[in-house]
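Just so it is clear: in the sequence shown, position 248 is 240 by this note's numbering, and no numbers are missing. Using N, Cα and C, we set each Cβ at its ideal position, and we do this for glycine too.
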Amino acid sequence: MLGALASRSWCAVPLVSGNGFGFSVVSDATGHLTRFYVHPYAFVRPDRTRPLAEGIATTNFIADLAPSSLGAGASVRYIDQSQVIRVSSQYGTGTVFMPFGLLHPALIIDWQGPSAAAATVGWTVRWTHPVASRSAVTVSGVRVRVLRFHGTPEALCLIPLDPGQSNDSGDDAELRGHAAWALMAVEPGGSAASLVRSLLHWRAGHSVPELIQRELSDIERWRVPTPASVTDRVAREVWRQSEIVLRMAQSREPNTAQRHGHGLIVASLPDGLWFTPWVRDMAYAALALIRMGHLGEARAALTAYFNARPTGVMRRETAGADYQISVVRYFGDGAEEPFFTMEGSTNVELDNWGLVLWVLAEYLERSADESLLSTRTFRGTVYESARDFIVRPLLANLEPYQQGLIVRADTSIWEERERDRKHFAYTTAAAIAGLGGFARIAERQHDAPQEAALPSTLERLRAGFASAFASGGRLRGTLEPGIKNEIDGALLAIIEMGVVDDPKSIADVVERMPQLKVASGGYRRVRSVLTDPAVFEYWYERQEFVFVDLSLSGVLRRLGRQTEAAALLQRVLTDASAHDDLIPEMYVSEPCPLFPGKVGDPTGAMPMVGYGAGAVILELLAPPGAPGTRRTMLRLAPARACPRCNVHSRLTRPPSLSRWIPFQILEREGI
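In structure tokens:
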């Protein structure tokens, strides 16, 4: 296992373009395209023959793709903190992007050489799989090449976007003769001609440079204003790029009879190892979208939690209670994936349930979109599903502790191995935050049984939390004694949730954080107690964890230690600015084959989404002097109902709503 992981380029900083239907990856070292994924996640569905395997991998068509005249020494950057990638060398300028307005896995590539003749030399490609067949189809006068590959269910359309020159196709000459192309994946049973018509409709007769400019303009219209408190150029650019990372990370694939993943958000963009939807990371991403004001995307994320299926597969480990929210993560089709330990066993992370309730309550309080609660989903309305398949199983997994209650032992935020499960403070804190939020929802729904039962349960949970994790005014990460979690980075996230507000207890956590400080200058998650370097977590737990750095910044600000908070945040921003404004999972603290590079280099999954882009936005939303990210950071105008689309927002129709509805439906409805 470690040998395979060590072969991955942990410290590389590739640039990713995505549109919610797929991803493409450009190497920052060479300017070459190295991936074109036909779905916005790593694994399509479970592998029924191998229940503890990663699943059926998403097709990637490209091993290497570059302009034939690119040459060495190319520079690679995002244009204006978008998903549009510019590749430049002394021989010309290229553009790579997946357009948000085209509701398919579609990749646009363009190369402008010093002369028209040089440009039409075209592109050189090496496919990931051998070509099984080549055919052609002509649609509206456009001759399109269709490739089918051995070992992939999808086909690939190659659509020229400029006049170019005709050429004979060969193994490496599919993309010769034209400077600009659209590459579009054809799903099994799909029609290449239909895809081409969609492309032509989207193109609307524009030249490729006009399409690029239109894409950039559409992105600017979609954005929300940068907070007035974000005045520094570096911070502003990191905000803008993080905003786009959140958008790229969210699946916009329509739900079908076999797929129920619309709205799910991956934990990292490719080729990060966590290129799959995790409940917890997605919760922080959704929280950032809510507080920014991207309510359409936040609504889609919340609805995704309630539409995902099948779930509840770990009922034997949850007191027999059926449940809706995965105990770990999801496959791309929305099926629950109940494991991640690198050890070939299942996990049960019960903090997920409280987090989803917490984020749901936050959305309703910020949006006034009560219609979400009556939206029909897999197990009934959102409200019914939350009550019966999140609240009820969460209550079933509480256990007495002294005079109160705590959540039973699980693997929680840092995803301990199942055999090492403990009673984690974070899991009980998430239950307090989530059930507290749901109690407010139940009150608005006039649900008398919930109104009667939840207050006393919450009181007992708070008492149990205080006894188990905060006796003597000192917070601990676990009930079970041990040096590993005695001081725990998750305590900072608990404080940021608002579950702990005692200034002395908060100050005590901060004063003990130097025990987690590492050589790179920031903080790791916990004190590692592993002694076997052959174990993945031995090295993983020794690196600096950016989510902990950002959480500490918020807690320092809560204590009024503004200078220290600003310095910690600025350090993350400055590093991001040097790496295309992207937030990594970690920084190297102890170099090793898994996490190579110099001390302080970005490492781990890159870029991170919830724990990266989402976390940094939550901190940037807190102006200097604010008590912490639990409070309202961005004041929005009162929400108004949209009777037509049944979504509430600051606008009659959220600027992002059209991105969630196939254009055929928009046309039919006249939206």
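About 19 Å separates the Cβ atoms of G456 and T403, ruling out a contact at the 8 Å cut-off. Here the stretch 224 to 242 does not lie against the stretch 531 to 539, with fewer than 3 beta-carbon pairs under 8 Å apart.
Taking the Cα of D273 as reference, the smallest distance to any Cα among Y297, W214 and G513 is reached at Y297. Within the same chain, Cβ atoms closer than 6 Å to the Cβ of G304 are found at D314 and Y315, the five residues on either side in sequence being excluded. Taking 7 Å as the cut-off, the beta carbon of W115 is found closer than this to the beta carbon of P59. When DSSP states are grouped into helix, strand and coil, T420 belongs to the helix group. Going by DSSP, A378 is part of the alpha helix (DSSP H) stretching over V374 to A378. For the 7 Å CB-CB criterion, T566 and V580 do not form a contact.
Only buried fits P38, as 16 or more other CB atoms lie within 10 angstroms of its CB.
The alpha carbon of R239 has as its nearest neighbour, out of V129, P385, F15 and S61, the alpha carbon of F15. Per DSSP, P495 is one residue of the alpha helix (DSSP H) stretching across P495 to R504. The beta-bridge partner set that DSSP reports for F35 consists of A49.
Positions of the beta strand (DSSP E) runs, each at least 3 residues long and wholly inside the stretch 458 to 530, cannot be given because no such run exists. For a cut-off of 8 Å, the C-beta gap from L208 to I71 is around 6 Å, short enough to register as a contact. Burial is judged here by how many other beta carbons sit within 10 angstroms of a residue's own beta carbon; H24 has at least 16 and is buried. Cα atoms of R519 and L187: separation of roughly 53 Å, rounded to the nearest angstrom. For T26, the enclosing beta strand (DSSP E) has its first and last residue at L25 to Y29. L397 has P392 as its beta-bridge partners, per DSSP. If you draw a 10 Å sphere on the C-beta of I475, you find fewer than 16 other C-beta atoms in it, and that means exposed.
Assignment of D56 by DSSP, reduced to helix, strand and coil, places it in the strand class. 7 Å or more divides the Cβ of S127 from the Cβ of L192. Between L349 and G255, the C-beta gap is not smaller than 7 Å, which leaves the two residues out of contact. Looking at the DSSP output, G86 bridges to V79 and W103.
Look at Y322 here: in three-state DSSP terms it is strand. V36 is the residue among V36, W119, P219 and M578 whose C-alpha sits nearest the C-alpha of E245. Straight-line spacing of the CA atoms in G105 and G592 works out to 38 Å. In the DSSP assignment, V123 falls within the beta strand (DSSP E) that extends over V123 to V131.
Assigned with DSSP and collapsed to three states, R244 falls in coil, not helix or strand.
Judged by DSSP in its simplified three-state form, D20 adopts coil rather than helix or strand. Restricting attention to W266, A558, R358 and L95, the CA atom closest to the CA of S543 is found in A558.
Nearest to G264 by alpha-carbon distance, out of A614, F587, E611 and L613, is F587. By the C-beta criterion, the stretch 356 to 374 is judged not to be in contact with the stretch 440 to 447, since fewer than 3 inter-stretch pairs fall below 8 Å.
Bounds of the beta strand (DSSP E) holding M176 are A172 to V178. If you compare the alpha carbons of R413, A124, R195 and T144 with that of G93, the shortest gap goes to R195.
Apart from sequence neighbours up to five positions away, the residues of its chain that approach P583 with a beta-carbon distance below 8 Å are G589, K590 and V591, ordered along the chain. Using a 10 angstroms sphere on the CB of E329, the tally of other CB atoms reaches 16 or more, which defines it as buried.
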